[in-house]
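Protein chains: 2
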Amino acid sequence: MIPAAALNQCPEQNLLLESLSAEVRERIFPHLELVPLPLGQAVYESGDTLRHVYFPIDSIVSLLYVMESGESAEISVVGKEGIVGVSLFMGGDSTPSRAIVQSAGHAYRLLGSRLKEEFNRHGELLYLMLRYTQALITQMAQTAVCNRHHSIDQQLCRWLLLSLDRLNGPDLVMTQELISNMLGVRREGVTEAAGKLQKAGVISYKRGRVKVLDRPRLEELSCECYAVVKRESDRLLTSRPQKTR
Amino acid sequence: MIPAAALNQCPEQNLLLESLSAEVRERIFPHLELVPLPLGQAVYESGDTLRHVYFPIDSIVSLLYVMESGESAEISVVGKEGIVGVSLFMGGDSTPSRAIVQSAGHAYRLLGSRLKEEFNRHGELLYLMLRYTQALITQMAQTAVCNRHHSIDQQLCRWLLLSLDRLNGPDLVMTQELISNMLGVRREGVTEAAGKLQKAGVISYKRGRVKVLDRPRLEELSCECYAVVKRESDRLLTSRPQKTR
DNA sequence: CGGTCTCTGTGCGCTTCCGCACATACGATC
DNA sequence: GATCGTATGTGCGGAAGCGCACAGAGACCG
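Residue numbers (the working numbering), protein chains in the order written: chain Y, 342 to 586; chain U, 342 to 586.
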C-alpha cells in the first residue's frame with residue numbers, strides 16, 4: 342500500500358467514476374469520502390444493511406461466502422474497475438456474502454442515499470451501475486463453472502490474473518493461506534500449484550509477496566474463465582453510450 | 342406439460358407479473374405474448390442479442406454455461422418466480438451463457454423495447470426487476486460455493502428442491518443425463534446419488550420421472566445452499582414496497 | 001411379439017484433492 | 001544474533017469423483 346500522503350489521490354482513479362460525464366461528476370464528487378482499507382477489514386458482513394457504496398482506487402475487495410462449517414469461497418473480486426455494495430442499489434440493501442479487503446489501499450465511499458438521489462435525476466449513473474453489475478454477474482457465473490471443472494493450477498492462474506488486473510503493479514501482497522481461502526481449497530494445494538508456477542519461471546514467490554514475471558505465460562496456463570470475464574467486462578464497461586435505453 | 346388448451350393461462354401465474362400494481366399490469370399485459378417452451382429449446386444462445394424477456398408460468402429454464410471442452414454447468418434456474426433475460430435490462434443485451442428449457446411448458450414474453458418503455462415511466466417495474474436480479478445473483482453465488490464444497494448427494498438435493506419450487510406438482514420430468522449436465526458431473530454420479538435417495542424413500546425414480554415423496558427429508562439432506570437461496574428470494578420478492586428508493 | 005433405442009445400474013482403475021503431521025525457512029524483534 | 005511466530009514445503013493414507021466398459025430394463029414401434 343502506498344502511504345496516503347504520497348498518493349496523488351483522485352476519484353478518477355476508479356474507472357467507473359472516471360467514465361462518468363463531467364456533469365454527473367460535478368454533482369457526485371463533493372460527496373465522496375476517501376477512506377483507507379486495511380488488509381482483512383470487512384467492508385460489510387453477511388446480512389448487514391449497507392449505508393455506503395465503495396469505489397476502490399488502489400485496493401482489492403473480495404466478496405467472500407463463509408459457510409456454517411467455516412469453509413469459504415470467493416464469489417467475485419472488485420478493484421479499481423468496480424464498486425462494492427451493488428445490493429444497495431439493486432434494492433436488497435444486504436447480501437448473504439461478506440466483503441473483505443484482500444489488498445490494502447483506499448476507496449472513495451458514497452452514502453447510499455446520495456447515490457439513489459443521483460439515480461433519480463437522469464439515469465446515467467444508474468445505467469453505468471447496472472452494466473457493471475452485469476459484469477459482476479459474469480464473474481460469479483464463471484467462478485461457479487471454474488469451481489466445478491478446473492484444477493487448482495488453472496484456478497490459481499485465473500485468480501492471479503483477475504487480481505493483477507485490479508491493481509497497478511505486477512506485485513501482489515498475499516499469503517498462500519489467504520489465497521486458499523479465496524479459492525476454497527487447502528493451503529497445501531496452493532503451495533503445490535504456486536511451486537509449479539515458480540519452477541516454470543512464471544512467478545516468483547517470497548513470504549506473502551508474489552511477483553508476476555511472465556504474464557503471457559500465465560494467461561496460457563489459465564483456464565478460459567479469465568478470458569471470458571475479461572472480455573465481458575471490457576465489452577460492458579468501455580466507451581459505451583451513457584444511456585442504454 | 343399440461344396441454345395449452347386445458348390450461349387456464351394468465352400472466353399472473355408468473356409471480357413477478359402478479360406482484361405488479363394494477364396500473365402497471367394494465368399497461369403491460371396487452372403486450373405479453375404466450376409462447377410454448379418445448380424441452381431442450383434454447384431460449385437464447387451465448388452471445389445472442391436479446392429481443393424479448395420471458396416470464397415462465399409452468400416451465401423451467403436453466404441458465405447453462407457450456408465450455409470449450411463441452412463440459413457444462415448450470416449457473417441458475419428460473420421458473421414461475423422469475424424472468425429470463427435480465428441482461429436485456431441490465432444493459433448488456435447479451436451474456437456468455439445459454440438459456441435452455443429444462444422442463445417444458447409456457448412463458449409470456451415481452452419485447453425488450455416495451456419493457457424499457459415501462460422502466461422510463463415510473464420505475465416500479467424496474468425496481469422489481471432489480472430485486473429479482475439480486476435474488477438471481479444470490480443463486481449464482483451459492484452455486485459457486487456449492488460446486489466447491491458439497492458432495493454430489495447434497496447438490497442433487499439442492500437441485501431437486503430448487504426445481505420443485507419452480508413448478509407446481511411434486512413430479513419432475515428429467516433424465517439423469519440431463520441432471521448431470523446441469524450439475525456438471527458424470528451421469529453415473531447422479532445415478533448413484535439418486536439411488537441412495539430412492540433407497541431412503543425420499544424420492545421415487547422411473548425412467549426420466551422423479552417423484553418427491555418426502556420433501557422435509559430432502560431438505561435435511563440438502564446442503565445449506567438451498568435454504569440460503571430460498572430465504573433470500575423470499576426476502577427480496579415478497580410483499581415489499583414497490584419503490585425501494 | 002420381437003427389435004431397437006434410451007435410460008439406469010454396476011464395477012474398476014485412476015487422478016485429484018483432502019486431512020493430517022511435520023520439517024524447514026524467513027524475518028521481525030529485542 | 002538468538003528467538004519466536006508465521007509462511008512455506010513435503011509426504012503420507014484416504015475419499016470423492018472421473019472415464020470407461022458393459023449389463024439389464026423399460027418404452028416405443030412396426
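We treat Cβ as the ideally placed atom computed from N, Cα and C, and that holds for glycine.
Keep in mind it's a predicted model, so treat the numbers as computed, not measured.
Item to check | Same chain, Cβ closer than 7 Å to Y:CYS487, five either side skipped, listed in chain order | outcome: By the criterion of a C-beta distance shorter than 7 Å, Y:CYS487 is surrounded in its chain by GLN496, ARG499, CYS564 and CYS566, once the five residues flanking it on both sides are discounted.
Item to check | Between the CA atoms of U:TYR468 and Y:ASP575 - distance to the nearest angstrom | outcome: Between Y:ASP575 and U:TYR468, the C-alpha separation is close to 26 Å.
Checklist entry - Tell me which same chain residues have a C-beta within less than 7 Å of the C-beta of U:LYS540, skipping the five on either side of it? => result Within the same chain, U:LYS540 has no close Cβ partners at all.
Item to check | Residue(s) in a DSSP beta bridge with U:PHE396 | outcome: Partner(s): U:TYR449.
Item to check | Short-range partners of chain U found in the segment 432-447 of chain Y, where Cβ spacing is below 9 Å | outcome: Those would be GLY432, GLY433, ASP434, SER435, THR436, PRO437 and SER438, in chain order.
Item to check | Contacting residues, own chain, Cβ-Cβ under 7 Å from U:VAL442 (five flanking each side not counted) | outcome: Correct list, in chain order: LEU378, PRO379, LEU380, GLY381, GLN382, VAL384, SER400 and VAL402.
Checklist entry - Out of U:THR474, U:ARG462, U:LEU501 and U:PHE430, which has the shortest C-alpha to C-alpha gap to U:ILE544? => result Measuring from the Cα of U:ILE544, the nearest candidate turns out to be U:LEU501.
Item to check | Exposed unless 16 or more other CB atoms sit within 10 angstroms - verdict on U:GLU459 | outcome: Classification for U:GLU459: buried.
Checklist entry - Roughly how many angstroms lie between the CA atoms of Y:LEU361 and U:SER454, to the nearest whole one? => result Between Y:LEU361 and U:SER454, the alpha-carbon positions lie close to 25 Å from each other.
Checklist entry - Do three or more CB pairs link the segment 470-478 of chain Y to the segment 424-444 of chain U at distances below 8 Å? => result The segment 470-478 of chain Y, when compared against the segment 424-444 of chain U, does touch it at the 8 Å Cβ threshold.
Checklist entry - Is it the case that the Cβ atoms of U:ALA445 and U:VAL514 are separated by a distance below 9 Å? => result Yes, these two residues count as a Cβ contact at 9 Å.
Item to check | DSSP three-state assignment for U:LEU358, whether helix, strand or coil | outcome: In this structure, U:LEU358 counts as helix in the three-state DSSP scheme.
Item to check | chain Y contacts from the segment 545-571 of chain U (Cβ-Cβ distance under 8 Å) | outcome: The residues in question are GLU565 and VAL569.
Checklist entry - Using a C-beta to C-beta distance shorter than 8 Å, which residues of chain U count as neighbours of Y:THR479? => result The answer, in chain order, is THR436 and PRO437.
Next on the checklist: Which residue marks the beginning of the beta strand (DSSP E) containing U:GLN443, and which one marks its end?
Outcome noted: If you look at U:GLN443, you'll find it in the beta strand (DSSP E) that goes 439-444.
Item to check | DSSP beta-bridge partners of U:TYR546 | outcome: Bridge pairing for U:TYR546: U:VAL551 [DSSP].
Checklist entry - Using CA coordinates, which residue listed in Y:GLU465, Y:TYR546 and Y:GLU359 is at the minimum distance from Y:TYR649? => result For chain Y, the structure presents residues 342 to 586; residue 649 of chain Y sits outside this window and is missing.
Checklist entry - Relative to the alpha-carbon of U:GLU374, which residue among U:GLU364, U:PRO352 and U:LEU524 has its alpha-carbon at the smallest distance? => result Closest by alpha carbon: U:PRO352.
Checklist entry - When the cut-off is 9 Å and only beta carbons count, does U:LEU505 lie next to chain Y? => result Interface criterion not met: the Cβ of U:LEU505 is under 9 Å from no Cβ in chain Y.
Checklist entry - Helix, strand or coil: how does DSSP classify Y:ASP506 here? => result Reduced to three states, the DSSP call for Y:ASP506 is helix.
Checklist entry - So, is the C-beta of Y:ASN509 closer than 9 Å to a C-beta in chain U? => result By the rule that beta-carbons nearer than 9 Å mark a contact, Y:ASN509 does not touch chain U.
Next on the checklist: What does DSSP give as the partner residue(s) for Y:ASP328 in the beta ladder?
Outcome noted: Lying before the first or after the last residue shown, residue 328 of chain Y is absent from chain Y, which here runs from 342 to 586.
Next on the checklist: Taking the alpha carbon of Y:VAL425 as the reference point, which residue from Y:MET408, Y:PHE396, Y:LEU452 and Y:TYR406 has its own alpha carbon closest?
Outcome noted: Distances from the CA of Y:VAL425 to each of Y:MET408, Y:PHE396, Y:LEU452 and Y:TYR406 were compared; the closest alpha carbon is that of Y:PHE396.
Item to check | U:HIS447 versus Y:GLU573: straight-line alpha-carbon distance, rounded | outcome: Each residue's Cα considered, the two are about 31 Å apart.
Next on the checklist: Please report the straight-line C-alpha distance between Y:ARG586 and Y:MET470, rounded to a whole angstrom.
Outcome noted: Confidence at Y:ARG586 is low in this model, with a pLDDT of 42, below 50, so the placement of that residue is unreliable and no value is reported for it.
Next on the checklist: Give me the DSSP bridge partner(s) of Y:TYR406.
Outcome noted: Per DSSP, Y:ALA414.
Checklist entry - What separation, rounded to the nearest whole angstrom, lies between the Cα atoms of U:VAL394 and U:LYS571? => result If you take the alpha carbons of U:VAL394 and U:LYS571, they lie about 23 Å apart.
Item to check | Reduced DSSP category for Y:PRO377 - H, G, I as helix; E, B as strand; rest coil | outcome: When secondary structure is reduced to three states using DSSP, Y:PRO377 falls in the strand class.
Checklist entry - What's the C-alpha gap between Y:THR484 and Y:VAL418? => result The straight-line gap separating the alpha-carbon atoms of Y:THR484 and Y:VAL418 is approximately 10 Å.
Next on the checklist: With distance defined between alpha-carbon atoms, name the residue in Y:LYS552, Y:VAL427 and Y:GLU533 nearest to Y:THR390.
Outcome noted: If we check each option's Cα against that of Y:THR390, Y:VAL427 comes out closest.
Checklist entry - Using the C-alpha atoms, what's the distance from U:THR479 back to U:GLU364? => result Whole-angstrom Cα-Cα distance: 30 Å.
Item to check | chain U within 9 Å of Y:GLU654, Cβ atoms only | outcome: Not covered by the structure: residue 654 of chain Y. The range shown for chain Y is 342 to 586.
Next on the checklist: Taking beta-carbon pairs under 7 Å, can you tell me which members of the segment 414-426 of chain U lie near chain Y?
Outcome noted: Of all residues in the segment 414-426 of chain U, only ALA414 and ILE416 place a beta-carbon less than 7 Å from a beta-carbon of chain Y.
Next on the checklist: Run through chain Y and tell me which residues come within less than 9 Å of U:VAL531, C-beta to C-beta.
Outcome noted: Within 9 Å of the CB of U:VAL531, no CB atom of chain Y is found; the nearest one sits about 14 Å away.
Next on the checklist: Quick check on the DSSP output: the alpha helix (DSSP H) that includes Y:VAL325 runs from which residue to which?
Outcome noted: The structure shown does not extend to residue 325 of chain Y, since chain Y is modelled only from 342 through 586, so no value can be given for it.
Checklist entry - Between U:GLY549 and the rest of its own chain, which residues show a CB-CB distance below 7 Å, the 5 nearest in sequence each way excluded? => result If we look at U:GLY549 and ignore the five residues flanking it on each side, its Cβ neighbours are VAL514, MET515 and THR516.
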